[in-house]
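Let me begin by presenting the structure, written as structure tokens, before commenting on it.
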Amino acid sequence: MPNGVLALKEVSINVENNEFFTLLGPSGCGKTTLLRMIAGFETITEGTIKLFGENIERLPANRRPVNTVFQQYALFPHMNVLQNVAFGLNMLGKSDIEAKSTAQRMLDMVQLGQYADRKPSQLSGGQQQRVALARALAPSPKLLLLDEPLSALDLKLRQAMRVELKQIQEELGITFIFVTHDQEEALTMSDRIAVMSNGEIQQIGTGKEIYESPGNVFVADFIGETNLLNARVQSSNEEEAICLIGKDTALTCSFTEPVSNDDSVTVSIRPERIALSKVSTSKKHAGIKGTVKRFAYLGTDTQCMLELEDGTDINVRVQNAHHNATDFTIGESAYIEIDPGAARILLN
Amino acid sequence: MSKLVEKNNKAESSRGVFGEIGVWLLSPSWIVIGVFLLLPVIMMLVYSFLTKEFRGGVIWEPTLAAYDQFIFDRGLFGDEPPVIEWTYITIFARSIWQAALATVFCLLIGFPTAYYIATRPTRSRGVWLFLITIPYWVNLLIRTVSMKFLIRDTGPFNQFLLSTGLIDTPIHMVNTNFAVQLGLFYSYLPFMVLPIYAAVERYNFTLSEAAWDLYADRWTTLRKILMPVVKPGIIAGCILVFVPSLGAFLAPDLLGGAKTFMIGSLIEEQFKGNAGNWPFGAAASMILLTLVLIVLMIYARQQTRTYGGAH
Chain A
1 MPNGVLALKE VSINVENNEF FTLLGPSGCG KTTLLRMIAG FETITEGTIK
51 LFGENIERLP ANRRPVNTVF QQYALFPHMN VLQNVAFGLN MLGKSDIEAK
101 STAQRMLDMV QLGQYADRKP SQLSGGQQQR VALARALAPS PKLLLLDEPL
151 SALDLKLRQA MRVELKQIQE ELGITFIFVT HDQEEALTMS DRIAVMSNGE
201 IQQIGTGKEI YESPGNVFVA DFIGETNLLN ARVQSSNEEE AICLIGKDTA
251 LTCSFTEPVS NDDSVTVSIR PERIALSKVS TSKKHAGIKG TVKRFAYLGT
301 DTQCMLELED GTDINVRVQN AHHNATDFTI GESAYIEIDP GAARILLN
Chain B
349 MSKLVEKNNK AESSRGVFGE IGVWLLSPSW IVIGVFLLLP VIMMLVYSFL
399 TKEFRGGVIW EPTLAAYDQF IFDRGLFGDE PPVIEWTYIT IFARSIWQAA
449 LATVFCLLIG FPTAYYIATR PTRSRGVWLF LITIPYWVNL LIRTVSMKFL
499 IRDTGPFNQF LLSTGLIDTP IHMVNTNFAV QLGLFYSYLP FMVLPIYAAV
549 ERYNFTLSEA AWDLYADRWT TLRKILMPVV KPGIIAGCIL VFVPSLGAFL
599 APDLLGGAKT FMIGSLIEEQ FKGNAGNWPF GAAASMILLT LVLIVLMIYA
649 RQQTRTYGGA H
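Top to bottom, those sequences are chains A and B. First residue of the first sequence? That's 1 in the working numbering, and the numbers climb one at a time after it. First residue of the second sequence? That's 349 in the working numbering, and the numbers climb one at a time after it.
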């Protein structure tokens, strides 16, 4: 570990066979370090890494059946594309003919078959990225590690590559561990996501679980947008709790861990789970009244910021399919209604 | 500045910011290259085809005598049938051998040194480079003489070995090929270290990681990835050591003897005092220059083959 800095605390993940597993987190959260530990570039001071039941944490990188796709591709500039892809096979002692034919097959798979004789510098960024992928897949690793491989590509290419990566992973049936800071990327491709922060795993789950049932404030805030409101628990039973937001706004909330009365808690509500209307339509409790502070038209939907009567700001996202979101003017009164089950008490 | 460029672009020219004056901005470079490089070489070329004046200097009568003398022996009075004169060819061959050997030694020591420095933390690299260049603050002549003192029979090196009892009689080093080699190696080592350092410093070590990840061991990674990628630096270093070693005269003069005579000394003698033979010295210089140019051309051709027309 460089300069003895503790990069990762207690991290325990269990990746299934043939799974597309993503490590998601902001930069500096330890996701790349974790990946480099699995690859063998960093030594771990404590703990174990098991691959199909075998301990690999003491093996050097060149003896682990694990390959990496690097962020900046790291293609060998003095070799042509075919030689790059065949490199791992040559190193494994495969015959030249076998290595070349496998490499050619891999290049065909990433649709670069006709570029075999080119030098990496003669390819575009997207093509280099595919070569890097083919090179890492050619030796048939048991596990493929991808370190933000799409971050250097432009948006259109990145979106196309997401679909392609997922297809390749499903076709080959190889386990992928993918590192990214881009939540959209993580949500589109992953079977499961581990959200990391400060060298710790915050939550592991499918995209849906993480988005809809975030385990703590960090996860709720990092994945998507959310309103984080301070609240006090008024009463609770085994399934839900009634919380007071501000002075007199009562909300029914779900929770991950039991709370007791009078606890100070943070409640998370996704902006798209809040409805906005000019009159109170709620049957269960009176609609919460607020004033429109500003709104932004975002194409598919409109984002509104409301100030509630007690001074709390709240973000609401209304789909433009309903045509009513833009009917409001700034300073106008509006009522919000929160979907049942949308409010969730989170641990800090 | 950008406005200027824009204006120029509109005015259909691609001559850049300075327009037509641009060409003249090169004139200082052309004057320096012309006066200090091309002119002397042309003078030498002309002198090599002139007749020698016995007290030094030349007579303006064109002749091939200088080149003839280099290759053929026609006896004391020049009237015998020509046989190949091996003296100068031997000196050339020895020089090439010594220079090549110095290059190999400099590479063997210089590459690990450069690699070591380039992989230090950024801040300490400066210190290491400074240490490498420190000897250059002292004149080469003085350093070479000091080397002679160090390795002579009664010098500290032999004294130390004698005192340890490893040897009974001093190892005789001065006036041997070994001493000349040592001098060349010592003089030109930094010329090997610096270009390789520059290349390794630019090297993207993720490439080594990628090779390692793809089952290459460290030695294979060095041989198949690092070395080929930093090859331009290695070749630059080899040229910077080989070429001046080939023409060196201080180390052979001061550390060597008659048996270790090299081209540099041969040429030097032709122009020193009144005993010299200017056309012969010029001819030897031209032959040396031709050899060096051939080496450089082979290198240049190989570069274009490796990197293609894409660059």
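Cβ coordinates follow ideal geometry from the N, Cα and C atoms, glycine included.
#1: Could you name the residues of chain B that T68(A) contacts, counting a contact when the two beta carbons are closer than 7 Å?
#2: Taking C-beta to C-beta, are L412(B) and F425(B) nearer than 9 Å?
#3: Quick one: using the 10 Å Cβ neighbour count with 16 as the cut-off for buried, is E185(A) buried or exposed?
#4: Taking 8 Å as the cut-off, is the C-beta of A450(B) nearer than that to any heavy atom in the ligand ADP?
#5: Which of the three DSSP states is assigned to P120(A) in this structure?
#6: Where does the unbroken beta strand (DSSP E) through R294(A) begin, and where does it stop?
#7: Taking all protein chains shown into account, do 16 or more other C-beta atoms lie within 10 angstroms of the C-beta of T502(B), making it buried, or fewer, making it exposed?
#8: Could you give the C-beta distance for Q169(A) and F20(A), rounded to a whole number, given that I count them as a contact under 8 Å?
#9: Taking its Cβ as the centre, do 16 or more other Cβ atoms sit within 10 Å of L35(A), making it buried, or is it exposed?
#10: Roughly how many angstroms separate the alpha carbons of Q303(A) and L229(A), rounded to a whole number?
#11: Suppose only complete runs of 4+ residues qualify. What are the alpha helix (DSSP H) ranges in the stretch 465 to 491 of chain B, listed by chain order?
#12: Contact check, L598(B) vs L488(B) under 8 Å by CB: the rounded distance?
#13: In chain A, which residues lie with their C-beta within 7 Å of the C-beta of P576(B)?
#14: Residues of chain A with a CB under 7 Å from the CB of L555(B): which are they?
#15: Determine the direct distance from the alpha carbon of D262(A) to that of P26(A), and round the result to whole angstroms.
#16: Using a beta-carbon distance below 9 Å, is A564(B) in contact with chain A?
#17: Using a Cβ-Cβ cut-off of 6 Å (strictly less than) and excluding sequence neighbours within five positions of T226(A), which residues of its own chain qualify?
#18: Using Cβ-Cβ distances below 8 Å, what residues of the stretch 86 to 100 of chain A are close to chain B?
#19: Span of the beta strand (DSSP E) holding L23(A)?
#20: Would you grab the beta carbon distance between S593(B) and L532(B) for me? Rounded to a whole angstrom, and I think it's under 8 Å.
#21: Hey, is A558(B)'s beta-carbon within less than 9 Å of any beta-carbon in chain A?
#22: Check whether chain A comes within 9 Å of Q651(B), counting only Cβ atoms and requiring the distance to be less than that.
#23: How would you label T329(A), buried or exposed, when you count the other beta carbons within 10 angstroms and need 16 or more for buried?
#24: Please check if any C-beta of chain B sits within less than 9 Å of the C-beta of A134(A).
#25: Quick check on the burial criterion: 16 or more other C-beta atoms within 10 angstroms. Buried or exposed for F402(B)?
#26: Out of T467(B), R471(B), I544(B) and R566(B), state which residue places its alpha-carbon closest to the alpha-carbon of G556(B).
#27: What does the Cβ neighbour count give for G458(B), buried or exposed, with the cut at 16 atoms within 10 Å?
#28: Please report the distance separating the alpha-carbon of G629(B) from that of Q618(B).
#29: Give the single residue among G199(A), V110(A) and R273(A) whose Cα lies nearest to the Cα of G30(A).
#30: Counting contacts by CB-CB distance shorter than 9 Å, is A250(A) in contact with chain B?
#31: Fully enclosed by the stretch 129 to 171 of chain A, which alpha helix (DSSP H) runs are 4 residues long or longer?
#32: For the stretch 207 to 217 of chain A against the stretch 339 to 348 of chain A, are there 3 or more C-beta pairs whose distance is under 8 Å?
#33: DSSP three-state label for V522(B), please.
#34: Where does the unbroken alpha helix (DSSP H) through P600(B) begin, and where does it stop?
#35: Going by DSSP, what residues sit across from R317(A) in a beta bridge?
#36: Contact check, S190(A) vs F178(A) under 8 Å by CB: the rounded distance?
Straight from the coordinates:
#1: Along the first sequence, read from residue 1 onward, the residue named residue 68(A) stands at position 68. The contacting residues are D561.
#2: As a first step, residue 412(B) must be located in the second sequence, where it is residue number 64. As a first step, residue 425(B) must be located in the second sequence, where it is residue number 77. Not closer than 9 Å, so no.
#3: As a working mapping, residue 185(A) is identified with position 185 in the first sequence. Counting other Cβ atoms within 10 Å of its Cβ, E185(A) reaches 16 or more and is therefore classed as buried.
#4: Looking at this structure, you won't find the ligand ADP or any other ligand, since it has none at all.
#5: What you label residue 120(A) is simply residue 120 of the first sequence in a count that begins at 1. In the structure shown, the three-state DSSP call for P120(A) is helix.
#6: Looking up residue 294(A) in the first sequence gives position 294. DSSP places R294(A) inside the beta strand (DSSP E), whose first and last residues are I288 to Y297.
#7: Within the second sequence, numbered from 1, the residue matching residue 502(B) stands at position 154. Exposed.
#8: Here residue 169(A) is taken as the residue at index 169 of the first sequence, counted from 1. Here residue 20(A) is taken as the residue at index 20 of the first sequence, counted from 1. Rounded to the nearest angstrom, the Cβ distance from Q169(A) to F20(A) is 5 Å, consistent with a contact under 8 Å.
#9: Stepping through the first sequence from its first residue, residue 35(A) is reached at position 35. Buried is the call here.
#10: Your numbering for residue 303(A) matches position 303 in the first sequence. Your numbering for residue 229(A) matches position 229 in the first sequence. Rounded to whole angstroms, Q303(A) to L229(A) spans 18 Å at the Cα level.
#11: Listed in chain order, the complete alpha helix (DSSP H) runs (minimum 4 residues) inside the stretch 465 to 491 of chain B are 470 to 481.
#12: Counting from 1 along the second sequence, the entry for residue 598(B) is found at position 250. Counting from 1 along the second sequence, the entry for residue 488(B) is found at position 140. Here L598(B) really is in contact with L488(B); their C-beta atoms are around 6 Å apart, less than 8 Å.
#13: Along the second sequence, read from residue 1 onward, the residue named residue 576(B) stands at position 228. Going along chain A in sequence order, the residues near P576(B) (Cβ under 7 Å) are H78.
#14: For the purposes of this step, residue 555(B) is identified with residue 207 of the second sequence, where counting begins at 1. The answer, in chain order, is A74 and F76.
#15: Mapped onto the first sequence, residue 26(A) falls at position 26. Mapped onto the first sequence, residue 262(A) falls at position 262. Taking the Cα positions, P26(A) is about 34 Å away from D262(A).
#16: Walking along the second sequence from the start, residue 564(B) turns up at place 216. Yes, A564(B) lies at the interface with chain A (some Cβ there is under 9 Å from its Cβ).
#17: On the first sequence, residue 226(A) is found 226 positions in, with the first residue counted as 1. Residues A220, S268 and R270 of the same chain have their beta carbon placed closer than 6 Å to that of T226(A), with the five preceding and five following residues left out of the count.
#18: Those residues of the stretch 86 to 100 of chain A placed with their C-beta closer than 8 Å to a C-beta in chain B are F87, G88, M91 and L92, ordered along the chain.
#19: As a working mapping, residue 23(A) is identified with position 23 in the first sequence. Where L23(A) is concerned, the enclosing beta strand (DSSP E) stretches over F20 to L24.
#20: Within the second sequence, numbered from 1, the residue matching residue 593(B) stands at position 245. Within the second sequence, numbered from 1, the residue matching residue 532(B) stands at position 184. The distance from the Cβ of S593(B) to that of L532(B) is about 5 Å, consistent with a contact at the 8 Å cut-off.
#21: In the second sequence, residue 558(B) corresponds to position 210, counting from 1. The C-beta of A558(B) comes closer than 9 Å to at least one C-beta of chain A.
#22: Counting from one through the second sequence, the residue named residue 651(B) turns up at place 303. No, no contact with chain A.
#23: Locating residue 329(A) in the first sequence gives position 329, counting from the first residue. Counting other Cβ atoms within 10 Å of its Cβ, T329(A) stays below 16 and is therefore classed as exposed.
#24: Residue 134(A) sits at position 134 when you count from the first residue of the first sequence. Using a CB distance cut-off of 9 Å, A134(A) does not count as an interface residue toward chain B.
#25: Mapped onto the second sequence, residue 402(B) falls at position 54. Residue environment analysis places F402(B) among the exposed positions, since fewer than 16 neighbouring C-beta atoms fall within 10 angstroms of its C-beta.
#26: Translated into the one-based positions of the second sequence, residue 556(B) becomes position 208. It is worth fixing the name first, because residue 556(B) is Ser in this sequence and not Gly. Ranked by Cα distance from S556(B), the first of T467(B), R471(B), I544(B) and R566(B) is R566(B).
#27: By one-based count along the second sequence, residue 458(B) stands at place 110. With 16 or more Cβ atoms within 10 Å of its Cβ, G458(B) is classed as buried.
#28: Position 281 of the second sequence holds residue 629(B). Position 270 of the second sequence holds residue 618(B). Taken atom to atom, the span from the alpha-carbon of G629(B) to that of Q618(B) is near 5 Å.
#29: Position 30 of the first sequence, counted from the start, is the residue given in the question as residue 30(A). Considering only alpha carbons, the answer is G199(A).
#30: Reading the first sequence from its first residue, position 250 is the one you call residue 250(A). Not a single CB atom of chain B sits nearer than 9 Å to the CB of A250(A).
#31: Within the stretch 129 to 171 of chain A, no run of alpha helix (DSSP H) reaches 4 residues while sitting entirely inside it.
#32: A contact exists between the stretch 207 to 217 of chain A and the stretch 339 to 348 of chain A.
#33: Translated into the one-based positions of the second sequence, residue 522(B) becomes position 174. The answer is coil: DSSP assigns V522(B) none of H, G, I, E or B.
#34: Taking the second sequence and counting its residues from 1, the one referred to as residue 600(B) is at position 252. Where P600(B) is concerned, the enclosing alpha helix (DSSP H) stretches over L598 to L603.
#35: The count along the first sequence starts at 1 and reaches residue 317(A) at position 317. For R317(A), the beta-bridge partners assigned by DSSP are Q303(A).
#36: Within the first sequence, the letter at position 190 stands for residue 190(A). Within the first sequence, the letter at position 178 stands for residue 178(A). So it is a contact: roughly 7 Å between Cβ atoms.
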